Amino acid sequence: MGSGENKVVLHGMWASPYVKRVELALKIKGIPFEYVEENLRNKSPQLLKYNPVQKKVPVLVHNGKPVCESLVILEYLDEVWSTGPQLLPKEPYQRANFRFWAAYIQQLLESIFKLFNADKEAHEKPLQEVHEKLRNLEDGVKEFYFPEGSPNHISAENLGILDVMLVSVLGPFRAKEEAFSVKILDPGKNPLIFSWIQALIELPLVKEVVPPHDKMVGVLQFLKQSGFKF
Amino acid sequence: MDKEVKLHGFWSSPYVYWVIWALKLKGIEYDYIEEDLPNKSELLLRYNPVYKKVPVLVHAGKPISESPVILEYIEEVWPHNPLLPKDPYERSVARFWINFATDKVRSALLSFFWEGEDGKKEAAEQMFDLLKISEEQALGDKKFFGGNSINMVDLIFALFTCWIQTTEQVVGIKVLEPSRLPRLHAWVNNFKEEPIIKENLPDSERMVEHYTRIRSNPN
Chain A
1 MGSGENKVVL
11 HGMWASPYVK
21 RVELALKIKG
31 IPFEYVEENL
41 RNKSPQLLKY
51 NPVQKKVPVL
61 VHNGKPVCES
71 LVILEYLDEV
81 WSTGPQLLPK
91 EPYQRANFRF
101 WAAYIQQLLE
111 SIFKLFNADK
121 EAHEKPLQEV
131 HEKLRNLEDG
141 VKEFYFPEGS
151 PNHISAENLG
161 ILDVMLVSVL
171 GPFRAKEEAF
181 SVKILDPGKN
191 PLIFSWIQAL
201 IELPLVKEVV
211 PPHDKMVGVL
221 QFLKQSGFKF
Chain B
1 MDKEVKLHGF
11 WSSPYVYWVI
21 WALKLKGIEY
31 DYIEEDLPNK
41 SELLLRYNPV
51 YKKVPVLVHA
61 GKPISESPVI
71 LEYIEEVWPH
81 NPLLPKDPYE
91 RSVARFWINF
101 ATDKVRSALL
111 SFFWEGEDGK
121 KEAAEQMFDL
131 LKISEEQALG
141 DKKFFGGNSI
151 NMVDLIFALF
161 TCWIQTTEQV
171 VGIKVLEPSR
181 LPRLHAWVNN
191 FKEEPIIKEN
201 LPDSERMVEH
211 YTRIRSNPN
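Protein chains in written order, with full-length UniProt numbering: chain A, 1 to 230; chain B, 1 to 219.
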């Protein structure tokens, strides 16, 4: 792969789950890329030029052309880098199933954000919603993704869009639990998801992407105290 | 005769229309099952246990839920009369706008619909801002979002046709005015005149009646 043929630049922010998705996908697919850390309180003129509508990260710039929205970027990566590891399966019905559950994992993140936004006294309802979504996710993916039962080990070669989505949302689950003093992921209630994320965060590729625990706790607490709306 | 493709829907749902239009534009024959939404059928609950919503497309007995997922599936299984561009970069731009409409536009429209007297002016302004962005950045000088002919992006932006018009009437505030959004206004008329679309639009009076009732009686 020549240096001029495929220039890929990812504009991101180290704590953003949406950015993490793209970072992990690029690594899984073995796509070399340049990373530009954006200061979200002082966005670069490039970011504003590449994403004038949302002014957000991640933005993937491929040979000078910007692609925005994490899930749109993931689909784009699979279509352009169509040989080698694929994030989505080939068969249309399976693709639909994977897209459905990828979107559901995004719904899980939104419920986690609702939990973060709630006052400490009003935690119960949003937490119940998170647990319900975890239960649905566990029941939903069990049969088709883990037919042999909860995984002890996952091979880096087999990673796909659902793994990418799960890492982006639950990779730093312990940091989220600590920052907000809540139990999000209970191995007793969600044994499959618990083993799944544990197996994922042990992989060197994933370790490179998940933000360091203390740094994550710090930024979450800081944002909460500043009245940030997740 | 039992057809291989079935669609569970509800007559006023924009998401159901997205699927109906996609199927008809590709000439795919299907059986339509109207769901009585307060009394969902057992089949629907079995096919979509997670959301329990319409639309659900059933192809050769296998259910697919969530309209954007259904549309991508239809595009892949029946690639003739394509609804997405072939070029991956152009596709990513189309998908960006589809995501924008299904996410931002949809929530703004829901807020605009549900806001009470205190909040409705602000909700209307927010709706207008999104309409402006759509007109300037997504539509531009093109006749349709898809260029010279409609594509999936046009289907999704149909929220700006019957559904916004109904909301404007029910809430009592106009946001999509020809003087403020001339190109988008022209697009609404062009879209509604397109063959297939024209014959498959919900009745406006029935819509106003239905949504007025829902707004005053959320349960």
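Don't be surprised by glycine CBs; every beta carbon is placed ideally from N, CA and C.
A quick note: this is a predicted structure, and the numbers were derived from the prediction, not measured.
Please report whether the beta-carbon of residue i lies at a distance below 8 Å from any beta-carbon of chain A.
i        : result
B/ILE64  : yes
B/PRO88  : yes
B/ARG106 : no
B/ILE133 : yes
B/GLN137 : yes
B/ARG95  : yes
B/VAL153 : no
B/ARG206 : no
B/VAL188 : no
B/ARG180 : no
B/PRO14  : no
B/LYS6   : no
B/VAL58  : no
Note down, in chain order, every chain B residue with its Cβ under 9 Å from the Cβ of residue i.
i        : result
A/ALA25  : Near A/ALA25 there are no residues of chain B at all, since even the closest Cβ is about 14 Å away, more than 9 Å.
A/ASN136 : PRO49 and VAL50
A/ALA175 : By Cβ distance, chain B contributes nothing, its closest Cβ being about 26 Å from A/ALA175, past 9 Å.
Would you grab the beta carbon distance between residue i and residue j for me? Rounded to a whole angstrom, and I think it's under 8 Å.
i                      : j        : result
A/SER70                : A/VAL22  : 6 Å
A/LEU11                : A/PRO45  : First, the residue type needs correcting, since residue 11 of chain A is His and not Leu in the sequence shown. Not quite, the Cβ-Cβ distance comes to about 12 Å (not below 8 Å), so this is no contact.
B/PRO68                : B/ILE98  : 7 Å
B/PHE112               : B/ALA124 : 6 Å
A/ASN190               : A/LEU134 : 5 Å
B/PHE157               : B/LEU176 : That belief does not hold up - the Cβ atoms of B/PHE157 and B/LEU176 are roughly 11 Å apart, past 8 Å.
residue 231 of chain B : B/ARG183 : Nothing in the structure corresponds to residue 231 of chain B, since chain B is present only between 1 and 219.
B/LEU155               : B/ALA60  : Not confirmed; about 24 Å, so no contact.
A/PRO17                : A/VAL169 : 6 Å
B/LEU130               : B/ALA108 : 5 Å
A/LEU74                : A/VAL167 : About 13 Å separates the two Cβ atoms, so there is no contact after all.
A/LEU161               : A/PHE98  : Checking the sequence, you will find Ile at residue 161 of chain A rather than Leu. Between A/PHE98 and A/ILE161 the Cβ distance is about 6 Å, and since that is below 8 Å, they are a contact.
B/SER204               : B/THR166 : 7 Å
B/ILE196               : B/LYS24  : 5 Å
B/VAL171               : B/LYS120 : 6 Å
Find the residues of chain A that neighbour residue i, judging by a C-beta separation of less than 9 Å, and give them in chain order.
i        : result
B/GLU72  : GLU75, PRO92, ARG95, ALA96 and ARG99
B/PHE100 : VAL53, GLN54 and GLU69
B/GLU76  : PRO92, ARG95 and ALA96
Could you check whether the Cβ of residue i sits closer than 8 Å to any Cβ belonging to chain B?
i        : result
A/GLY140 : yes
A/GLY2   : Only weak support is given to the placement of A/GLY2: the predicted model assigns it a pLDDT of 46, under 50, and the value that follows is read from those uncertain coordinates. So no, A/GLY2 is outside the interface.
A/LYS65  : yes
A/LYS72  : Inspection of the sequence shows that residue 72 of chain A is occupied by Val rather than by Lys. Yes, because at least one Cβ of chain B sits closer than 8 Å to the Cβ of A/VAL72.
Tell me whether residue i, by its Cβ, gets closer than 7 Å to a heavy atom of the ligand COA.
i       : result
B/ASN81 : Summarising the ligand content, the structure contains no ligands, and the ligand COA is consequently not present.
So which residues of chain A does residue i contact, with C-beta pairs closer than 8 Å?
i       : result
B/PHE91 : Before going further, note that residue 91 of chain B is Arg rather than Phe in the sequence given. Per Cβ cutoff of 8 Å: GLU75, TYR76 and GLU79.
B/VAL69 : ALA96, ARG99, PHE100 and ALA103
If you measure from the beta carbon of residue i to each beta carbon in chain E, is any gap under 8 Å?
i        : result
B/ASP103 : This model lacks chain E altogether; the protein chains it does include are A and B.
Taking only runs of the alpha helix (DSSP H) that begin and end inside the UniProt domain "GST C-terminal" (87-214) of chain B, which ones reach a length of at least 4 residues, in chain order? 88-100, 106-114, 120-133, 152-156, 162-171 and 182-193
Using a Cβ distance threshold of 8 Å, determine whether the segment 207-214 of chain A contacts the segment 151-158 of chain A, with at least three qualifying pairs required. No contact exists between the segment 207-214 of chain A and the segment 151-158 of chain A.
The segment 54-68 of chain B / the segment 8-22 of chain B touching (three or more Cβ pairs under 8 Å): yes
For the UniProt domain "GST C-terminal" (91-228) of chain A, which segments carrying the alpha helix (DSSP H) assignment without a break, of at least 4 residues, lie completely within its bounds, in sequence order? Those alpha helix (DSSP H) runs which fall completely within the UniProt domain "GST C-terminal" (91-228) of chain A and span 4+ residues are 92-117, 124-145, 161-170, 173-180, 191-201, 204-207 and 213-225.
Any chance you could list the alpha helix (DSSP H) runs of at least 4 consecutive residues sitting entirely within the segment 26-66 of chain B, in chain order? When DSSP assignments are scanned along the segment 26-66 of chain B, the uninterrupted stretches of alpha helix (DSSP H) that are 4 or more residues long and fall wholly within it turn out to be 42-47.
Segments of 3+ residues assigned as beta strand (DSSP E) that fall wholly inside the segment 30-90 of chain A: 34-37, 59-62 and 65-68
Assess, as a yes-or-no matter, whether the segment 142-156 of chain B is touched by the segment 70-89 of chain B under the definition of 3 or more beta carbon pairs within less than 8 Å. yes
Touch check for the segment 43-51 of chain B and the segment 216-229 of chain A: three-plus C-beta pairs under 8 Å? no
Could you tell me whether the segment 101-111 of chain A touches the segment 172-181 of chain A, using the rule of 3 or more Cβ pairs below 8 Å? For the pair of segments examined, the segment 101-111 of chain A was found not to touch the segment 172-181 of chain A: the number of CB pairs separated by less than 8 Å stays below three.
Are the segment 50-57 of chain A and the segment 190-200 of chain A touching by the rule of at least three beta carbon pairs closer than 8 Å? Contact between the segment 50-57 of chain A and the segment 190-200 of chain A is absent, because fewer than three Cβ pairs lie under 8 Å.
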